[in-house]
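Peer 1: Numbering (UniProt numbering), first residue to last: 1 to 106. Each residue gets a CB set at the ideal place from its N, CA and C atoms; glycine is no exception. As the structure is a prediction and not an experimental result, all values here were calculated from the model.
If you want it as structure tokens, here you go:
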């Protein structure tokens with residue numbers, strides 16, 4: 001089946017926000033560069049977490065929230081909550097970013 005596909009990555013360490021309802025951070029990922037067609041429905045996104053350290057130490061890196069034709073949201077937290085909250089400063093220091101691929105059936 002023919003598809004529209006797009007891929008990209010966010011800027012390392014940039015645009016992460018503190019999640020006020022929990023011990024972590026989130027990032028709104030913009031996928032509008034892929035040119036997905038709203039008439040065809042929401043694309044299927046596959047994501048991975050990149051960075052220069054500590055990716056193994058985090059939870060949530062493959063979960064897509066609130067997907068639309070122009071983007072989605074990702075939430076991250078530390079695996080061990082007793083180690084404290086994951087912060088925007090951590091994301092900046094560790095160069096955290098999201099790699100994404102989206103596909104939409106024609």
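1. Taking C-alpha atoms, which residue in 103, 106, 89, 105 lies nearest to residue 15?
2. Among the residues of its own chain, which have a CB less than 6 angstroms from the CB of residue 9, if the five just before and after it don't count?
3. Return the CA-CA distance between residue 40 and residue 104, expressed in angstroms with no decimal places.
4. Does residue 69 come out as helix, strand or coil in the three-state DSSP assignment?
5. Would residue 31 be called buried (16 or more neighbouring beta carbons within 10 Å of its own) or exposed?
6. Using C-beta distances below 8 angstroms, list every residue in its chain close to residue 68, excluding the 5 sequence neighbours before and after it, in chain order.
7. Output the distance between the C-alpha atoms of residue 46 and residue 64, rounded to the nearest integer angstrom.
8. How should residue 102 be labelled, buried or exposed, when 16 other C-beta atoms within 10 angstroms of its C-beta is the threshold for buried?
9. Name the one or two DSSP bridge partners that residue 57 has.
10. Quickly, what does DSSP pair residue 48 with across the bridge? List them, please.
Peer 2: According to the structure data:
1. 89
2. 97, 99
3. 7 angstroms
4. coil
5. buried
6. 42
7. 8 angstroms
8. buried
9. In DSSP, residue 57 forms no bridge with anything.
10. 99
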